[in-house]
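S.K.: Sharing a structure below in structure tokens format, with a few things to ask.
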Amino acid sequence: MRKLVPFIIGCAGSFLPAQEAGPAIPPLVAKKALQWMQNSDASKRAAAYRTFQLYGDEGGAIYRRTLQKARTLHEKKLADILADERSNPFLDLPDVSEKLKTHRARVYKLIKTDYKKQPDKIAMLRREVGMLQKINGRARMIAENDPVSLDKSVKAIATALAEVSREVNIIDETEFDRNQLDLDDALMSIYEGEVHLKNRKVIMNIRKEIESLVSARLDNNASAWASVSQKDFANYLNEFRSLFALTPLRLEEKLSDAAVGHSRDMASMGFFAHQSPIPEKKSPGDRAELAGFKHRWSGENIFMGSSSPVAAYDAWFGSDGHRFIMFANGPNLIGIGPHGRHWTMMTGRK
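Now the structure itself:
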């Protein structure tokens with residue numbers, strides 16, 4: 299009986315039909331070749347593919363059936379890995395990410411709804427945001443798992459699947475790039491692989507959101523000119539904005555100068571309004587320009603009653619127009635102006 303011969307190939311492409319029929323393929327040889335096609339050693343898989351060259355035209359049909367068996371075994375192995383929570387820490391991600399997407403869209407509409415400051419509606423909105431926080435936290439926790447081990451296992455199987463597709467194309471004399479294995483295409487051919495590729499994109503997006511939030515927090519905390527209250531408010535608001543994948547706001551010194559000045563003026567002159575009695579500071583735009591802010595301002599909130607950043611946020615959250623400004627999707631800059639019990643917040647875009 300002819301033994302399996304381990305040919306090591308140096309190029310893609312293996313099965314070349316002979317012009318004359320060769321000897322029949324012994325069943326044990328085909329069985330051994332199938333076993334080698336499952337091997338993690340690429341050289342052994344290559345030897346298995348090349349073995350069928352020894353049998354000429356007679357090997358074509360059997361080779362195709364053997365490749366199909368190999369594909370089925372690869373697919374089952376991949377499905378088992380991706381369905382096991384011990385090997386796949388992202389098993390729950392499809393459901394959680396879909397729930398996050400749905401809740402984000404629904405709650406953001408609620409955020410942008412004018413409830414006329416009705417206490418029961420505002421309480422409902424706070425509960426909805428709290429629920430969204432839990433879902434978002436779960437999605438982040440899943441996405442922060444280390445994917446290296448899983449990716450390594452999936453890549454190995456995807457490579458074997460791509461090799462099988464290559465061999466079938468060679469048998470069928472289909473035109474394709476023999477030197478390029480498309481691993482994503484191999485994964486897309488089965489449901490579990492398609493889910494894995496989608497998860498990879500979701501993980502990347504969630505991690506980008508986290509990185510963006512962390513980057514803004516580091517920038518804000520590094521602002522030597524800013525007070526603790528200014529930094530705390532900006533970072534606190536950004537945590538809530540991140541629930542809706544909104545751009546995190548970075549502290550801007552000149553815009554903050556305008557905000558601090560307005561809070562100071564309100565406290566010292568005894569007024570509480572967006573319009574200042576000081577002629578050159580009449581409007582928010584006037585104050586931003588006077589402070590040297592060179593970009594476009596977009597909104598202003600004012601609050602009186604506490605020196606706490608959280609108290610200022612909570613008060614503005616419960617007031618529809620102020621909430622709209624905090625959760626607008628256009629700004630990327632923020633100016634914070636705490637002065638005793640007075641607060642002014644300004645947003646802008648660079």
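Offset between the sequence shown (1-based) and our numbering: plus 298. Every residue gets a Cβ at the ideal spot worked out from N, C-alpha and C, and that includes glycine. In this text the structure is predicted, and so the values were computed from the model without any measurement.
For residue 421 and residue 617, I'd like the C-alpha separation in whole angstroms.
M.R.: Sequence index remark: in the sequence shown, residue 421 carries index 123 (1-based). Sequence index remark: in the sequence shown, residue 617 carries index 319 (1-based). Approximately 12 Å, taken between the alpha carbons.
S.K.: Excluding five sequence neighbours on each side, which residues of the same chain lie with their C-beta closer than 7 Å to the C-beta of residue 507?
M.R.: Position 209 of the sequence shown, counted from the start, is the residue given in the question as residue 507. Correct list, in chain order: 540, 543.
S.K.: Which same chain residues end up closer than 6 Å to residue 486 when comparing Cβ atoms and leaving out the 5 residues on each side of it in sequence?
M.R.: Taking the sequence shown and counting its residues from 1, one reaches residue 486 at position 188. Here the set comprises 492.
S.K.: Can you grab the Cα-Cα spacing for the pair residue 344 / residue 464, in whole Å?
M.R.: Taking the sequence shown and counting its residues from 1, one reaches residue 344 at position 46. Taking the sequence shown and counting its residues from 1, one reaches residue 464 at position 166. Between residue 344 and residue 464, the C-alpha separation is close to 12 Å.
S.K.: Does the beta-carbon of residue 516 have 16 or more other beta-carbons within 10 angstroms, so that it is buried, or is it exposed?
M.R.: In the sequence shown, counting from the first residue as 1, residue 516 sits at position 218. Exposed, because fewer than 16 other Cβ atoms sit within 10 Å of the Cβ of residue 516.
S.K.: What's the call for residue 302, buried or exposed, on a 16-neighbour Cβ count within 10 Å?
M.R.: Position 4 of the sequence shown, counted from the start, is the residue given in the question as residue 302. Low per-residue confidence applies at residue 302: pLDDT is 42, beneath 50, and the placement is therefore not dependable enough to give any value.
S.K.: Shortest alpha-carbon distance to residue 384 belongs to which of 368, 402, 437, 451?
M.R.: Position 86 of the sequence shown, counted from the start, is the residue given in the question as residue 384. Per the Cα distances, 451.
S.K.: For the pair the stretch 474 to 486 and the stretch 362 to 370, tell me if three or more CB-CB distances fall below 8 Å.
M.R.: No, they do not touch.
S.K.: Are the Cβ atoms of residue 484 and residue 459 separated by less than 8 Å?
M.R.: In the sequence shown, residue 484 corresponds to position 186, counting from 1. In the sequence shown, residue 459 corresponds to position 161, counting from 1. Their beta carbons are under 8 Å apart, which means residue 484 touches residue 459 by this criterion.
S.K.: Going by C-alpha distance, which of 549, 496, 625, 577 is nearest residue 522?
M.R.: In the sequence shown, residue 522 corresponds to position 224, counting from 1. It is 549.
S.K.: Determine which residues share a DSSP beta bridge with residue 598 and list them.
M.R.: Locating residue 598 in the sequence shown gives position 300, counting from the first residue. Partner(s): 644.
S.K.: Which stretch, first to last residue, makes up the alpha helix (DSSP H) that contains residue 401?
M.R.: Mapped onto the sequence shown, residue 401 falls at position 103. Residues 391 to 409.
S.K.: Just the Cα atoms here: how many angstroms apart are residue 592 and residue 381?
M.R.: In the sequence shown, the residue the question calls residue 592 occupies position 294. In the sequence shown, the residue the question calls residue 381 occupies position 83. Spanning the two alpha carbons is a distance of roughly 54 Å.
S.K.: Under 7 Å Cβ to Cβ from residue 499, same chain only, skipping five residues before and after it: list those, please.
M.R.: Here residue 499 refers to the residue found at position 201 when the sequence shown is read from its first residue. Answer for residue 499: no residue qualifies.
S.K.: Let me make sure I understand the geometry here. Which of 443, 456, 427, 620 has the alpha-carbon closest to that of residue 601?
M.R.: Counting from one through the sequence shown, the residue named residue 601 turns up at place 303. For residue 601, the nearest C-alpha among the options comes from 620.
S.K.: When you compare each of 400, 439, 408, 637 to residue 525 by their alpha carbons, which one comes out closest?
M.R.: Here residue 525 corresponds to residue number 227 of the sequence shown, with the count starting at 1. Ranking the options by Cα distance to residue 525, first place goes to 637.
S.K.: Considering Cα atoms alone, identify which of 598, 391, 555 is closest to residue 570.
M.R.: Reading the sequence shown from its first residue, position 272 is the one you call residue 570. Measuring from the Cα of residue 570, the nearest candidate turns out to be 598.
S.K.: Under a Cβ-count criterion, where at least 16 other Cβ atoms within 10 Å of its own Cβ denotes burial, should residue 627 be classed as buried or exposed?
M.R.: To locate residue 627, count along the sequence shown from 1; it is residue 329. Flag for residue 627 reads exposed.
S.K.: According to DSSP, simplified to helix, strand and coil, what is residue 633?
M.R.: On the sequence shown, residue 633 is found 335 positions in, with the first residue counted as 1. Three-state result, residue 633: strand.
S.K.: Using a 10 Å radius around the Cβ and a threshold of 16 neighbouring Cβ atoms, would you call residue 530 buried or exposed?
M.R.: Taking the first residue of the sequence shown as position 1, residue 530 is located at position 232. Residue 530 is buried by the Cβ-count criterion.
S.K.: Express the C-alpha separation of residue 413 and residue 423 in angstroms, rounding to a whole number.
M.R.: Numbered from 1 along the sequence shown, position 125 holds the residue referred to as residue 423. Numbered from 1 along the sequence shown, position 115 holds the residue referred to as residue 413. So the two alpha carbons sit approximately 10 Å from each other.
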